[in-house]
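For the sequence shown, the numbering used here assigns the number 23 to the initial residue and increments by one for each residue that follows. Built from N, CA and C at the ideal position, the CB exists for glycine as well. Fair warning: this is a prediction, and the values are worked out from it, not measured in the lab. What follows is a short report on a single structure.
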Amino acid sequence: MGEGQDQWIRVPVGDDAARWATRVRCRRVLLVVHNVTSATRLLDVLPLFDDDLGVQLLATCTGSSAFRSGVAELLADVGVPVLPWEQALATPVDLAISASFGGELASLQGKLIVLSHGIGYTKRLAAPSTEHRAPSTEHRAPSTEHRAPSTEHRAPSTLPPVFGLAPDWLLSDGAPLADALVLSHPEQFDRLAAACPEALPTAVLAGDPCFDRMLAARPYRDRFRRTLGVGRGQRLVLLNSTWSSQSLLGDGGDDGDDSLPALLPRLTSELPADEYRVAAVLHPNIWHGHGPGQVRAWLDRARRSGLALIDPLEDWRQALVAADLVIGDHGSVTYYAAALGTPVLLGAAPLESLDPDAPIADFVRTAPRLDTLSPLRGQVDTLIEDHTPQPGPPRFTSSVPGEAAARLRRLFYELMGAPEPPRPALLVPLPLPAPEPARRTAPLRVLTRLHAGAEVAVTRYADPGLEPAGAGEAHLAVHEDTRDPGQLDLADVIFRDGSPDDARLGLPGRWTAEVLARHPHCALAAYVTGPASCVVRTRDGSRLRLTAGAEADADPAAYASAAHAWLAAGRTRAALLADGLTVRTGSTAHHVVITAEADDTVTGNGTRQVPASPAADRSTAHADGADAPRAGRRSPRTGS
Numbered sequence: 023m024g025e026g027q028d029q030w031i032r033v034p035v036g037d038d039a040a041r042w043a044t045r046v047r048c049r050r051v052l053l054v055v056h057n058v059t060s061a062t063r064l065l066d067v068l069p070l071f072d073d074d075l076g077v078q079l080l081a082t083c084t085g086s087s088a089f090r091s092g093v094a095e096l097l098a099d100v101g102v103p104v105l106p107w108e109q110a111l112a113t114p115v116d117l118a119i120s121a122s123f124g125g126e127l128a129s130l131q132g133k134l135i136v137l138s139h140g141i142g143y144t145k146r147l148a149a150p151s152t153e154h155r156a157p158s159t160e161h162r163a164p165s166t167e168h169r170a171p172s173t174e175h176r177a178p179s180t181l182p183p184v185f186g187l188a189p190d191w192l193l194s195d196g197a198p199l200a201d202a203l204v205l206s207h208p209e210q211f212d213r214l215a216a217a218c219p220e221a222l223p224t225a226v227l228a229g230d231p232c233f234d235r236m237l238a239a240r241p242y243r244d245r246f247r248r249t250l251g252v253g254r255g256q257r258l259v260l261l262n263s264t265w266s267s268q269s270l271l272g273d274g275g276d277d278g279d280d281s282l283p284a285l286l287p288r289l290t291s292e293l294p295a296d297e298y299r300v301a302a303v304l305h306p307n308i309w310h311g312h313g314p315g316q317v318r319a320w321l322d323r324a325r326r327s328g329l330a331l332i333d334p335l336e337d338w339r340q341a342l343v344a345a346d347l348v349i350g351d352h353g354s355v356t357y358y359a360a361a362l363g364t365p366v367l368l369g370a371a372p373l374e375s376l377d378p379d380a381p382i383a384d385f386v387r388t389a390p391r392l393d394t395l396s397p398l399r400g401q402v403d404t405l406i407e408d409h410t411p412q413p414g415p416p417r418f419t420s421s422v423p424g425e426a427a428a429r430l431r432r433l434f435y436e437l438m439g440a441p442e443p444p445r446p447a448l449l450v451p452l453p454l455p456a457p458e459p460a461r462r463t464a465p466l467r468v469l470t471r472l473h474a475g476a477e478v479a480v481t482r483y484a485d486p487g488l489e490p491a492g493a494g495e496a497h498l499a500v501h502e503d504t505r506d507p508g509q510l511d512l513a514d515v516i517f518r519d520g521s522p523d524d525a526r527l528g529l530p531g532r533w534t535a536e537v538l539a540r541h542p543h544c545a546l547a548a549y550v551t552g553p554a555s556c557v558v559r560t561r562d563g564s565r566l567r568l569t570a571g572a573e574a575d576a577d578p579a580a581y582a583s584a585a586h587a588w589l590a591a592g593r594t595r596a597a598l599l600a601d602g603l604t605v606r607t608g609s610t611a612h613h614v615v616i617t618a619e620a621d622d623t624v625t626g627n628g629t630r631q632v633p634a635s636p637a638a639d640r641s642t643a644h645a646d647g648a649d650a651p652r653a654g655r656r657s658p659r660t661g662s
């Protein structure tokens, strides 16, 4: 074995692989991974080879991307043999599939097909070095449907070439690099003909498998919303950013505008916590370029205020299907949102980085812009309520929606020279993500209003930059895990979430008693035991269980704030037990059943523990209408 070959695999390929392999007559399909971003498209089409005992899947990484982090872990999860790049170049394969142009693709020994890893080829990007490119020894145009191009040629441009549609990317020594170049819409044939007519015979119209998976998942939108913690009456606002300094998450470079530091806190402080769910989908190159830990650190305050960070590999499509509005930029995910008919506000829109003839450039020129100086809620609500989907994005994302699986598998097997399996070609349905409930440990400013009957309107703002405007009495609710423990001494309501049998915290009754004893200015402590219930203790020692009714689905901590407001206004505990509460968040009503529980909190010597008395200057006893705490106290805000 030569130098550097000690890392080469021996099964199922290698000099003596036939000696060790179980199935030795398989056709070899090589997945060529440039980075995590390109791998996502390969994972879309991987199931098209399922159940074929005559195919051996292999994978390799070109090592050509600046974004190399995460690739090894991804390939390990895929679970197919991974060839070092030099071994991949030395190994004959029947088909190589890439979703990028990075690496010495022309040196691969086998038919090469290139897929787009976004919404077609739209961005300008400096071409790779051709120093190590060698011409492919075999090129053949597949006999698959494509559209005849226009013969008109455009004048040369001094701008960087369009990634995937220019000779710099498509040719090797003057010949087409790939045996098949997959396009999703005939308009791409026209742009290809103008930019690189030599590659036109390799072009194949095969649709967009990623978009097809989202279209197929639309009937399950409500499930995805519930998984993301979006309740009845809530709107899901999705923040989306591609990579680069000109993106929504970017800082604009040396002379650009960095609007994100002002936008992030407004997303969670101007949008009421119980009426909006805020999440973010960030390009894998952001995650793996800067590091997941750094991304989480950058967005820490927003996350503590309720922002959900969506997995950039598995769950971003489901979040896109679930969204009510996307605040995005010039990236593919934002265009996919528009193709699904979702309202889009552009927070960044650098036209100079796009092919001016690409449909996404038209979209960026005409889509509504986010006004960072105007109130955010009004922009969000107005666009959602007045939105009329543009016809361009769904039309140009794929001209053959729902057909990508059949067209791509036909192409794969034709290039391999193998008979296509008789069963239907099917993509994998988008899975239901793991539950992602909203968790807010930043201080919550709560406005409450008592309506007729046993109804309390609750509006909560997470870590607001200014005192929230609006009618009603205000109080401060703080999660016990707040970053700033000083806020606990100012809180009217202290809450936490956890299992009711968590031995580290003690039973809910014990925990609530300890909190009131530790924080004498707190009027009510609430232990959230699940998505529909919490146990609260008032300053007079009463212990109550608040349980959501069949249709109620708000955060139980909001129910606790409603109970505090009821008692603080001098209403009776007896009325709560008799009628329960209707908690209103925005336009949505949630009925809450309230029951009394026996106090099981005792000290170590067996005597019952009594919460500490409040400070002399503040009455906080929640009793049956007597000596109720003052409502409307404005607590100073010092951070989270």
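Going by CA-CA distance only, name the one from the options that's closest to residue i.
i	options	result
L80	L111, S281, T617	L111
D562	S122, H543, N262, T551	H543
H541	A554, W309, E502, K145	E502
A580	P441, A591, A572, L546	L546
G389	I349, T610, E374, D337	The question names Gly, but residue 389 in the sequence shown is Ala. Residue I349 is the option with its Cα nearest to A389.
V252	R417, R559, D575, A591	D575
T249	V605, P457, T290	P457
A94	L488, G76, N57	N57
D379	G608, G508, A217	A217
L347	T82, R391, L510, P183	R391
L321	S267, L187, L282	L282
P365	P182, V55, F211, P413	P413
C232	T290, V422, T470, A330	V422
On the criterion of 16 or more Cβ atoms from any shown chain inside 10 Å, does residue i qualify as buried, or is it exposed?
i	result
Q29	exposed
D38	exposed
D351	buried
A197	exposed
Q27	exposed
T569	buried
V229	Correcting the residue type first, residue 229 is Gly in the shown sequence and not Val. Label assigned to G229: buried.
H310	buried
L376	buried
D337	buried
R63	buried
Helix, strand or coil: which one does DSSP assign to residue i?
i	result
A40	helix
T59	helix
G186	coil
G311	helix
V500	strand
G350	strand
Y143	coil
T419	helix
L517	The sequence given here has Phe at residue 517, not Leu. If DSSP states are grouped into helix, strand and coil, F517 belongs with the strands.
V104	strand
A474	coil
T410	coil
H175	In this prediction, H175 has a pLDDT of 42, which is less than 50 and means its spatial position is unreliable; what the coordinates show is noted afterwards. Looking at H175 - three-state DSSP - the assignment turns out to be coil, as it is neither helix nor strand.
G278	coil
L430	helix
V46	coil
A228	coil
L488	coil
R467	strand
Q78	strand
R339	helix
R32	coil
H613	strand
Across which residues does DSSP place residue i in a beta bridge pair?
i	result
P198	L193
S120	V54, V136
S555	G552, T569
R482	V468
Next on the checklist: Can you confirm whether the region 292-302 touches the region 257-267 when touching is taken to mean that 3 or more C-beta pairs between the two stretches lie within less than 8 Å?
Outcome noted: yes
Item to check | Segment contact flag, the region 351-367 with the region 472-488, C-beta cutoff 8 Å, min 3 pairs | outcome: no
Item to check | Cβ contact (3+ pairs, closer than 8 Å) linking the region 116-134 and the region 34-54 | outcome: yes
Item to check | Inter-stretch contact at 8 Å, needing at least 3 Cβ pairs: the region 233-250 / the region 311-326 | outcome: no
Item to check | Inter-stretch contact at 8 Å, needing at least 3 Cβ pairs: the region 579-595 / the region 512-525 | outcome: Cβ pair count under 8 Å is three or more, so yes.
Next on the checklist: Taking 8 Å as the cut-off, does the region 88-107 touch the region 139-148 (at least 3 CB pairs, one atom from each stretch)?
Outcome noted: no
Checklist entry - Are the region 431-439 and the region 460-475 touching, with three or more C-beta to C-beta distances below 8 Å? => result Touching, no, given that fewer than three Cβ pairs across the two stretches are closer than 8 Å.
Checklist entry - Do the region 202-222 and the region 304-321 meet, that is, are 3 or more Cβ pairs less than 8 Å apart? => result The answer is no - the region 304-321 does not touch the region 202-222, with fewer than three Cβ pairs under 8 Å.
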